[in-house]
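Protein chains in written order, with numbering that gives the first Met the number 0: chain B, 0 to 277; chain Y, 0 to 246. Note that CB positions come from ideal geometry on N, CA and C, so glycine has one too. Written out below as structure tokens is the structure these notes cover.
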Amino acid sequence: MPGTRSERVEPLRGFALQPGKAFEDIVNGAKLWRIWFALAWQEFASMYRRSLLGVFWVMLSFAGFVFIKILIFSSLLASEDAQYYDAYLVLGFFMWVYSQQVIIAAPDTFVSAAGWIRSEPLPLSLYIYKSVMREIFNLSFTGAVVAIALVYLKFPIGIEALFAVPAIAFLILNAFVVKLLLGIVGAKARDVAHLVRAAILPMMFLTPIFWMPSQMSRIFHILWWNPLFHVLEIFRAPILDRTFPAESWIYMICFFLIVSILGFVLFSRFRQRIVFWF
Amino acid sequence: MARIEAKNLSLHYPLTGGADKHIGIDREPESVVSVGRKKYILALRNVSFEIGKGQNVGLIGRNGSGKSTLLRVLGGIFTPTSGQVLTTGKVSSLFGMNLGIQIDATGRENIVLRGTIKGWSRSQLEEKIPEIIEFSELEEFIDLPLRTYSDGMRMRLLFAIATVFSPEILLLDEWIGAGDARFQSKAKDRMNSLVSQAGITVIASHNRGLIQSVCDRGVWLHKGTMRAYGPIDKVYKEMDAYFANND
């Protein structure tokens, strides 16, 4: 229950940026973790309301997809490569599904919370945290399938696989800033949500999930710029190739910095405006 | 100690989503301003007042006069373009019957959802759910989805949730349109008890009977400007006199 508050609402003047207020919003939102955690779980669980298998559908649908893909694609390969390729596909597809969900939902971050934003005076960042938390729930369930698949494939994993842990943490941080940026842009320009949905399918083929960079050496120097390649690579390479993909980490850190700066500037400018855009 | 202070509040409501193309400057010349390529409705213009403990205030005025906007500024949803609001006290608000609910979830689930977003703990939820169900008189409907509710039932549930923790400041927007006479009197009792505990209630409504029976003071808004603030009967008299001469 909120306690007594004494609040002073400062006017928003002209085009002034309010980075202090924006930062405060992000900090205060984090402190309300109990709220966004509960909301994220309710949202996640309510998708499977009244279904028999409930949230296990997340695992089943992912497992089914992976199984079919392995069946089709690995039969095209010689058997000695099949184990490596299957693991490549499972790991890549796992990160792809996560990235795709993050990106598709990002423009709706604030739009889907319009009812709350218009009725409760809470930090806007709360809805970003909620949305990221929901992705983490999805990630955990599909991650369990990946672990099972790797055991089943008897794929040997080295100590280098531990590099995948900071990669996941970093990709979750990236989800936050992507949702911050696209959430604001998508609330103002409703075309963005449609654009993102339209763009994601071709991106699936431009990202090395089913094919390997070595098979595309002629045009890969262009495809290298696709951020989703590096998203997959920082997670996949330590497990699959026992390497630390430094180049992809540098790319991703640059990506993170650019997106967070853009997102934060927009948030500093438009935080109090978003409520008028619904 | 509940208190609301509004100082020189102005709010330029930005027109977006194509609305800016449909409202012509020539149609409502005094209500729309252009800044560069953007258009804004002058939703509130230099509004100032103070509401002290134990006061029930009715916001009155015609459609589009700024009542809901003012209520949302007081509730911290809208930031004013200029001016200040100071509120002291725990605020609970009910701005609309379609906001912040899940139509496919049951009444009970919606209590949990709203309680969660209001920051109630699990034990507070468990403690208050029976009280909310009892006050809203929904009985077996509480376990049916909200889409099966009538407007009155939905209002009863939302009002019960908004007031269960005895807020010091209660902000209500047009909530009473639904709900039968019996519930209205029950709701009035609850609001009066809040006010007698030195709380504040602010209601925006077109229902004169309700406002006159609940509120002791009134704010009359006309095109975003505060025309009168004082004892409710006096404010209504001024409003009637104005419209008798200017309509």
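For Met215 (chain B), there is no enclosing beta strand (DSSP E), as DSSP marks it with neither H nor E. Within the stretch 35-62 of chain B, the residues whose Cβ lies closer than 9 angstroms to any Cβ of chain Y are, in chain order, Ala37, Leu38, Gln41, Ser45, Arg48.
Against Thr115 (chain Y), the close residues of chain B are Ile34, Ala37, Leu38, in the order they occur along the chain (beta-carbon pairs closer than 7 angstroms).
Annotation for Ile110 (chain Y): Ile128, Ile131, Ile160 place their beta carbon closer than 7 angstroms to its own, counting only its chain and skipping 5 residues before and after. Among the CB atoms of chain Y, none fall inside 8 angstroms of the CB of Glu23 (chain B). Its Cα nearest to that of Leu93 (chain Y), the residue Y:Leu73 stands out among Y:Gly82, Y:Arg107, Y:Leu10, Y:Leu73. In the DSSP assignment, Arg44 (chain Y) falls within the unbroken beta strand (DSSP E) covering 37-50.
Where Arg189 (chain Y) is concerned, the enclosing alpha helix (DSSP H) starts and stops at 180-195.
For Ile76 (chain Y), the chain B residues whose C-beta falls within less than 9 angstroms of its own C-beta are Ile116, Arg117, Ser118, Glu119, Pro120, Val274, listed in chain order. Between the alpha carbons of Phe93 (chain B) and Pro120 (chain B) lies a distance of about 37 angstroms. DSSP places Ala21 (chain B) in the helix class (H, G or I) of the three-state scheme.
Residues of chain B with a Cβ closer than 8 angstroms to the Cβ of Thr15 (chain Y) are, in chain order, Lys187, Phe275, Trp276. Residue state for Gly114 (chain Y) is assigned as helix, using DSSP reduced to three classes.
At least one C-beta of chain B is nearer than 8 angstroms to the C-beta of Gly118 (chain Y).
One Cα belongs to Gly82 (chain Y), the other to Asn45 (chain Y), and the distance between them is close to 8 angstroms. Boundaries around Leu38 (chain B) are those of the alpha helix (DSSP H), 32-45, since no beta strand (DSSP E) includes it. Within chain Y, the residues whose beta carbon sits less than 7 angstroms from that of Gln271 (chain B) are Thr78, listed in sequence order. Taking each of Y:Lys6, Y:Pro79, Y:Gly106, Y:Tyr235 in turn and checking the Cα distance to Asn206 (chain Y), the smallest one comes out for Y:Tyr235. The beta carbon of Leu98 (chain Y) falls within 8 angstroms of a beta carbon belonging to chain B, placing the residue at that interface. What Gly63 (chain Y) touches in chain B, judged by beta-carbon distance under 8 angstroms, is nothing: the nearest beta carbon there is about 16 angstroms away.
Every alpha helix (DSSP H) of 4 residues or more that sits fully in the stretch 161-237 of chain B is shown, in chain order, as 163-187, 190-205, 219-222. Here the alpha carbons of Asp24 (chain B) and Pro122 (chain B) stand approximately 5 angstroms from one another. The Cβ-Cβ distance between Lys178 (chain B) and Ser130 (chain B) falls below 8 angstroms. When the beta-carbon positions are compared, Phe228 (chain B) and Pro207 (chain B) come within less than 8 angstroms of each other. Shown here, Leu16 (chain B) sits in coil according to DSSP, grouped into three states, outside any helix or strand.
Under the DSSP assignment, Arg2 (chain Y) falls in the beta strand (DSSP E) whose first and last residues are 2-13. In the DSSP assignment, Thr224 (chain Y) falls within the beta strand (DSSP E) that extends over 224-230. DSSP places Val234 (chain Y) in the helix class (H, G or I) of the three-state scheme. Thr80 (chain Y) and Ser9 (chain Y) do touch by the CB rule: their CB atoms are close to 5 angstroms apart, below 8 angstroms.
The three-state reading of DSSP puts Asn62 (chain Y) in coil, since its state is none of H, G, I, E or B. Taking a 10 Å sphere around the C-beta of Asp246 (chain Y), we find fewer than 16 other C-beta atoms and assign the residue as exposed. Of the candidates Y:Ile168, Y:Gln183, Y:Ile3, Y:Gln123, Y:Gln183 places its Cα closest to the Cα of Met152 (chain Y). Residues Gln99, Ile102, Ile103 of the same chain have their beta carbon placed closer than 8 angstroms to that of Ile199 (chain B), with the five preceding and five following residues left out of the count. Rounded to whole angstroms, the Cβ separation of Ile233 (chain B) and Trp248 (chain B) is 6 angstroms, and the two are in contact under 8 angstroms. When Cβ-Cβ separations below 8 angstroms define contact, Phe94 (chain Y) makes contact with chain B. Chain order gives no chain B residues near Leu43 (chain Y), where near means a beta carbon separation below 9 angstroms; the closest approach is about 12 angstroms.
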